[in-house]
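For reference, the structure is listed below as C-alpha cells.
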Amino acid sequence: MEYFKSGLKSVLGAPQDAQQPTAAETIEKLVDRVQTSTLLEDRRDACRALKALSTKFRLEIGSHAMDALIRVLECDKTDNEILSYALESICNVINGPRDDESPDYVYGSGDDNGLQFTEIFIKRTENVALLLELIEEFEFKVRWPIVRLLSGLLSHKPKDLQECILVSPMGVSRLMDLLSDTREIIRNDTLLLLEHLTKSNANIQKIVAFENGFDKLLHVISDEGYSDGGVIVGDCLRVMLTLLKNNTSNQTFFKEGSYIKHLAPFFDLQDSSERGWTQQKAVNTLIMLQIVRVLVSPNNPQQVTVSAQKAMYQCGLLEQLCSILMASGVPADVLTETINTVAELIRGNHSNQEYFSTVCAPTSPPKPAIVVLLMSMVNDKQPFSLRCSVLYCFQCFLFRNELGQAQIVQTLLPSTADVNTVTVGQLLCGGLFSMDTVSNWFAAVALSHSLVDNPTQKEQLLRVQLATSVGNPAISLINQCAIMLQQGGKLQTRLGLLMLMSTWLANCTIAVMQFLSIPTNIPFLTSQVNLAEGDEHEDLVQGICAFLLGICIEFNDNSQPSFTKEDLCQLIVKRIGLETFLDKLVAVTKNENYSRAAQNPHLRFKQAPEVLFDYEFCRLFKSLEGTVIKAVQPKPKLLNGPESSMTPEQQELLRQYKDLIREQDQQLHELKTELTDLKSQYELSKSQVDDMSSTIQQLKDQNALFKAQRLNKNLEQSESNGDVIQLQQEIEFLKVQLSQKQLEINAKNEEITQKGSVDSSIESQIPSENNEKMEERQRQVLELQTQLEKSRSEITSLKEELKESQEKIHTLSSSQKSITTLEEENMHLREERDSLTEQLNAAKKEQEDILILLTEQSDQISEYKRRLRGLGQTVEDDDDDSLNDESDDLGNDLNDLKDELADEKNEITNEKND
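With UniProt numbering applied, the sequence shown covers 1 to 914.
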C-alpha cells in the first residue's frame, strides 16, 4: 500500500524526482493490482485510486484500465463499494468531468475521446447488458453512476445503444422501474435518459408505453403539481411528447387506456391570474398543449383524430382550453398555442364546432369567442404569430361545417340586427379594405374559407352590398374586390384577393357570369398575364391571374355575348399566346412557398413577408389546373359552318350523331358523378385501411410482447423438465439401492438357513461342543442385530428420500398444472411408487421371516440350555440373562421395525389413494 500511496502522490502533484513513476506507469501498476490481486480489499483500494485518477488522467485510464474495470463489474458484483469505484471511473472516462454548476451541461457533449471510448465499450453488447443487470441493485452509489453512464453512452452513440438495449431481455423494463425510485436525483436523471432513448425509435417507444410508461409519467406529474411543477414536469412531458409524436400505435393506446381524461387537471388554471405565470409554468403548459395537438393532428389517421376529439370533449378538456382562450393575463405564446390547439380540436368535428360557436368572452355584453378572436386577427398591433393562429382557428371552425359557413355569410347580408353589435362580417370587411396588407390577406383568406365546397354560399355572397360614400349607390362585394384588385397595391393584398376570387368563382357559373359582367375584369386579367416576366413574386400574381381567367372559361355558360368561351380562348391565343399562358400557370406550382403551404393546413409562417399562399387554395389549384389547361385549348371551326354543304340525309345522320354524343355525354357525366362517389368511398376505405394497419401493427407489437413472455415461460418449463429428469434419476438410484438391500436380505436368509442346519447337528455334539456353539450363536445374534440396525437406518433414509421426492413432485405438479406432459410424468412416478411399495412389502415379509427364525433360534437356545443343565453342565445366569436381554432387545427391535414398515405401508397406501 505504501508503494501505491507514493505513486498517487507523484501523480497528484507531489514533488517529483527521477525515481518517481509517471502517471502511466502508476496506472499500469494499479491495473495489474486489480487484475492479479486475490484479496478483495486490495482490488478495492486499486479501484479507488483509479477513480481518483480518472478525473485528471482520463485518456490514460480509458486506454489502460477499461478492460480491467469492466472485469471488476463482472466478477465483483457482490461488493457495492468496488462496483461504485469502477462505475465512477468508467463514467468519468466516457462523460468527462461533470460540471454540475452549468445548467446546460450535457453528458459527453462535443467530446471526441468520449466517442472513441463509447465505441470501445458498446462494441461488446454484453457490457450494456451487464449495466442493465447491475441497475437492479438498489444501492445509490451503484444505481446512479449506471444511469449517468448510460446517458453518456447515449449522447455519443444513440442508435447503437438503442439497439443494445432492445436486444437485452427486460432492458427497457428495468429502466422504467427507476421512475419509481424514491430518490429524486435518480428519477430525474432517468427521465432525461428516457427522453433521449425514445427519440427516433418507434420500437422502444412502444415498449415504454406497454410498460406502463404513461401511468408512471402522469403519476410523477401529479405528484409535482401539474403545471405549477418545476423542470421535472417539463421532463415528463417531453418524454410523453416523444412517445406520442408520429407513433399512431401509442396514440391509440393512449386513447384506449383512458389517459386523455388525466390531462384535464393540468389545465385547471383558475388560480393562475392570482399567482401569475412563471416562466417554467408557461413552458410546461406549452409542452402539454403540444401533446394535445399530437393526439388530434390533421396528419393522423382520421379515426384516431376523431376518437381523440370526442374523448377530449367528453372529459371537459375542450371547455378548459376555451376558458384559457378567453381568460386574461395569459402569456402571448401560451395563448397562441392554445388557439392552435383549440383549432385542431374542433377541425372537422361538428359537435366540437357547435360547442365552440357558443363560447362567449366574459365581457358586458358577452361577445362570441369567434368575434373576439377575429378582432385580434385584423389588429396589426397584435403579435404576428397570434394573428396566424386565429386565422387557423377560424379555418378549422369552417372546415366541413356548412352551417358555420352559412352563419358567417349571413352576417354579411342585410339584417335588422343591432347596428352597435360587431359581427364577423363587419370585421372581415374591415380587414379586407384596411390599409394593413397582412390584414387584407388574412380577411380575404378567412372569407374564402366560408365558401370552400359550398356553392350555395357562393351564390349568397353575390347578394352582399357595400355602402360607399354618402349619396352614392351601394356596390356589390365582387365589384369592390375587382376594383381593389385593379388598383394594384402590395403583393399580399393582390394575392389574397385573387385567391378569394378564384375560390368564389370555381364551380359557380352564376358568380362567373357576374364577374364577366364587369367589363374591365377580363382586360385586366389579360394584361396581367401578358406582362413581361418580373421577379418571383410578380410571376405568382400573373400565374394566379391566368388561373382565374381559366376558371372564367371552364365555368362559362356563354350568357355574356362579349365573353363566351370561344371568345376568351381566342383572346388568350391572340393576345397572350397559349404557350405563355401555360408557362405562367405552371410557374405557380414550382414556387417554394406554394409547395410549403400545400403540405399542411397549419399556417407555419415565421414572419409577415412569408404570408403568400393558403392551404385550401393550393388544394383548389391542384384540382383544377388540368381542367383549366384543357379548357383553353383551341377548338377547330369550319369557315362556312359544318352543315353548309351537307345533304338532308347527311344532316339527319349528323343529328343522330349529335343525339348519340349528347346521350354519351350524359352517361359520361353520370360516370363522373359515380367516379366522384367511388373516390370518396376509396378515401374512406383508405382511411379505414390505414386505421386497420395501425391496429394490426399494434397487435403485432402485442404479439411480440406475448412471444417474449412465452419464451420466458418455455425457459421456466425447460427448468421444470430438468427437475423432473433429476427426480427420475434419483428414483432410479433409489431402485438400485433397494435392489441391493434385497440381495443383502436374501443373503441373510441363506445364512439363517445354513444356521438352521447347523443347529440340527448340535444335538449330536452335546456336550462336547456346547460352550463353543453357545459363543458362536451369541456372536451371530450380535451380528444379525447390527445388520438389522443398519437395515433399519437405511430404510429410514430411503423413506426420507422418498418423502423429499414426493414433495418435489407435488411442488412441480402444483406449479405446472397447465402442462399435460407433467401429468404423464406423474403417472409414471405413481407406477414407480407402486413398484416401490410392492418391494417394501416384500422386504417386510422377509423381515417377518427373519423375526420368526430369530424367535425359533431363541427357543432352540433355551432348549439347549435346559438340556445342558439336565446333563449336569453349569450355565451362568448372567449369560442367560444377557442372552435373554439381547434376544428380547432383538425382538423389540424387530417389532419396532415391523411397526415402522406397517406405518410406511399405510402412508404409501394413502398417497396412492390421493
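Glycine residues also receive a C-beta, built at the ideal position from the N, C-alpha and C atoms.
Start-to-end residues for the alpha helix (DSSP H) that takes in residue i
i    : result
N247 : That residue, N247, is in no alpha helix (DSSP H); it is neither H nor E in DSSP.
G329 : Element bounds for G329: n/a, residue is neither H nor E.
S155 : 140-156
T125 : 125-134
V632 : That residue, V632, is in no alpha helix (DSSP H); it is neither H nor E in DSSP.
T190 : 184-197
N414 : Note that residue 414 corresponds to Pro in the displayed sequence, not to Asn. Neither: P414 is in no alpha helix (DSSP H) and is coded neither H nor E.
C315 : Careful: C315 lies outside any alpha helix (DSSP H) and carries neither H nor E.
E28  : 23-36
I572 : Note, I572: premise wrong, no alpha helix (DSSP H); not H, not E.
I221 : 213-224
S385 : 384-398
N201 : Run containing N201: none; DSSP gives neither H nor E here.
D42  : 40-54
T520 : Premise fails: T520 is in no alpha helix (DSSP H) and is neither H nor E.
D177 : 171-177
Simplified DSSP assignment, three categories, for residue i
i           : result
L263        : helix
A474        : coil
C91         : helix
Q465        : strand
A361        : strand
P368        : strand
N558        : coil
G234        : helix
H669        : helix
L531        : coil
F613        : coil
N600        : coil
V422        : coil
T662        : Reading off the sequence, residue 662 comes out as Arg, not Thr. Here R662 sits in helix by DSSP.
D76         : coil
D268        : coil
W441        : helix
S502        : helix
C508        : coil
G496        : helix
E137        : coil
D379        : According to the sequence provided, residue 379 is Asn. The question's Asp does not apply to it. Of the three classes helix, strand and coil, the one that applies to N379 here is coil, per DSSP.
residue 915 : Because the chain in this structure spans residues 1 to 914, residue 915 falls outside the shown range and cannot be described.
Q607        : coil
V342        : helix
Rounded separation between residue i and residue j - CA only
i    : j    : result
V390 : V424 : 13 Å
I165 : L194 : 12 Å
T358 : I370 : 9 Å
T627 : N440 : 29 Å
T252 : V304 : 7 Å
I518 : P383 : 38 Å
S168 : Q702 : 18 Å
G234 : I287 : 7 Å
S109 : L59  : For S109, the predicted model reports a pLDDT of 46, less than 50, meaning its position is unreliable; a value from the coordinates is still stated below. So the two alpha carbons sit approximately 16 Å from each other.
L413 : L612 : 29 Å
E838 : T855 : 26 Å
S818 : I850 : Unreliable placement is indicated for S818, whose pLDDT of 47 sits below 50; no coordinate value is reported for it.
D177 : I221 : 16 Å
P362 : P561 : 56 Å
Any chain C beta carbon closer than 7 Å to residue i
i    : result
S222 : No chain C is part of this structure, which consists of one protein chain only.
Anticipated Cβ contact below 8 Å, residue i with residue j, distance rounded
i    : j    : result
L505 : I475 : That pair is no contact at about 18 Å.
S172 : K245 : Residue identity check: residue 172 is Val in the sequence provided, not Ser. Incorrect: roughly 18 Å between the Cβ atoms, too far for contact.
Original post:
Between the region 535-545 and the region 569-580, do at least 3 Cβ pairs fall closer than 8 Å?
Top reply: No, they do not touch.
Original post:
Touching or not, the region 507-527 and the region 540-556, by the rule of three or more beta carbon pairs under 8 Å?
Top reply: Enough Cβ pairs lie closer than 8 Å, so yes.
Original post:
How do the region 589-605 and the region 547-566 stand: do at least 3 beta-carbon pairs fall below 8 Å, yes or no?
Top reply: Segments in contact, no.
Original post:
Just checking, does the region 510-518 make contact with the region 485-497 on the three C-beta pairs under 8 Å criterion?
Top reply: Taking a contact to require three or more Cβ pairs closer than 8 Å, the region 510-518 and the region 485-497 do not qualify as touching.
Original post:
For the region 652-662 against the region 201-215, are there 3 or more C-beta pairs whose distance is under 8 Å?
Top reply: With a cut-off of 8 Å, the region 201-215 and the region 652-662 do not count as touching, because too few Cβ pairs lie within range.
Original post:
Within the chosen definition, does the region 22-41 reach the region 60-78 through at least 3 CB pairs nearer than 8 Å?
Top reply: Taking 8 Å as the limit for Cβ pairs, the verdict is that the region 60-78 does touch the region 22-41.
Original post:
Does the region 149-164 come close enough to the region 116-136 to have 3 or more Cβ pairs within less than 8 Å?
Top reply: They touch, by the three-pair rule.
Original post:
Are the region 40-50 and the region 85-94 touching, with three or more C-beta to C-beta distances below 8 Å?
Top reply: With a cut-off of 8 Å on Cβ pairs, the region 40-50 is in contact with the region 85-94, counting three or more such pairs.
Subject >> Three or more C-beta pairs below 8 Å linking the region 173-186 and the region 116-129 >> reply: Cβ pair count under 8 Å is below three, so no.
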